[in-house]
Amino acid sequence: MVLDRHMKSPFRKPCADYNRAAFAASIERFRRLHPGAPLILDSCCGVGESSVALARAFPDHYVIGVDQSASRLQRGRRGQRDGRAWPDNLDLVRADLVDYWRLLLDAGIHLARHYLLYPNPWPKIGHLRRRWHGHPVFPAVIALGGVLECRSNWSIYIAEHCLAVEQLSGREALAEPYLADLPITPFERKYRDSGHCLFRAVVDLA
Ligand SMILES: C[S@@+](CC[C@H](N)C(=O)[O-])C[C@H]1O[C@@H](n2cnc3c(N)ncnc32)[C@H](O)[C@@H]1O
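Position 153 of the sequence shown, counting from 1, maps to 208 under our numbering, and the rest follow consecutively.
So, in structure tokens, the structure goes:
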């Protein structure tokens with residue numbers, strides 16, 4: 056029912072000026088520094104540890120990590136002390152994704168890969184609309200395309216995510232257990248170290 060409503064009525068909340076400015080500056084950097092490179096979006100990147108890992112794993116792609124928390128992003132930039140150079144195909148951006156995703160779509164930008172790693176679960180029943188797949192912005196996430204990967208320690212979150220992806224895209228999305236031998240985010244490391252089972256769904260929306 057929630058998804059039906061989101062499919063039928065476009066989400067029209069105006070985008071905030073600070074998100075427009077952050078979006079415009081990040082796309083200007085992307086086009087100036089790596090024109091034409093396939094784009095990877097690391098949504099809810101937190102301190103950006105996964106963004107760094109993705110930039111190193113996909114050196115011919117450009118990675119934008121987006122998080123709304125300036126302090127997490129700052130901590131990430133400062134904490135990058137493994138002695139390796141900061142990847143030049145990486146940008147970390149402070150913005151609210153509810154706007155950033157729609158601005159990408161309005162600009163006609165499509166993704167090669169899209170990561171949503173350990174989003175806030177909002178586990179209470181009344182919180183469904185706060186989970187990304189229950190939020191009215193989710194059709195924009197699907198329309199951005201690419202290989203969409205979501206990971207969580209909450210199997211219900213991934214099961215719901217798969218249902219929403221299937222309903223909006225017509226593509227089959229399967230939930231699977233995920234073993235994080237080499238964790239790429241602080242939450243992934245924390246969950247693995249405390250013995251949580253992890254789950255993920257990967258779907259090609261191209
Ligand atoms: C549970 S943390 C996971 C961070 C990181 N992916 C990890 O695994 O360590 C969720 C992150 O989502 C970010 N976030 C939540 N809502 C957001 C929004 N509307 N726009 C941008 N970031 C958001 C929070 O600031 C937080 O850093």
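A virtual CB, placed ideally from N, CA and C, is assigned to each residue, including glycine.
Note that the structure is predicted; figures quoted are calculated from it, not measured.
| Item | Value |
| --- | --- |
| Express the C-alpha separation of R127 and D143 in angstroms, rounding to a whole number. | 20 Å |
| With distances taken from CA atoms, which of C217, A76 and V102 is nearest D122? | V102 |
| Drop a sphere of 10 angstroms on the beta-carbon of A71, count the other beta-carbons inside from all chains shown, and report buried for 16 or more, exposed for fewer. | exposed |
| Say the cut is 8 Å; is the CB of C100 nearer than that to a heavy atom of ligand 1? | yes |
| With respect to 8 Å, is the separation between the Cβ of P174 and the closest non-hydrogen atom of ligand 1 below this value? | yes |
| Closest by CA to R67, which one among V220, I239, R157 and P174? | R157 |
| Could you tell me if the beta carbon of Q264 falls within a distance shorter than 8 Å of some heavy atom in ligand 1? | The structure shown does not extend to residue 264, since the chain spans only 56 to 261, so no value can be given for it. |
| Starting from the N-terminal side, write out each stretch of the beta strand (DSSP E) that is 3 residues or longer and does not extend beyond the stretch 84-151. | 94-98, 117-122 and 145-149 |
| Residue ranges of each alpha helix (DSSP H) run of no fewer than 4 residues wholly in the stretch 175-234, ordered along the chain? | 193-198 and 210-224 |
| Inspect the beta-carbon positions of I95 and F78 and report whether they are closer than 9 Å. | no |
| Buried or exposed for S27, going by 16 or more other Cβ atoms inside 10 Å? | Nothing in the structure corresponds to residue 27, since the chain is present only between 56 and 261. |
| So, with DSSP's three-state summary, where would you put L159? | helix |
| Are L152 and R132 close, meaning C-beta to C-beta below 9 Å? | no |
| Spatial neighbours of A195 within its chain, please: CB distance less than 6 Å, with the 5 preceding and 5 following residues excluded, ordered by chain position. | W156, R157 and L160 |
| Contact between the stretch 161-178 and the stretch 236-245 is defined here as three or more beta-carbon pairs at a separation below 8 Å; is this criterion met? | yes |
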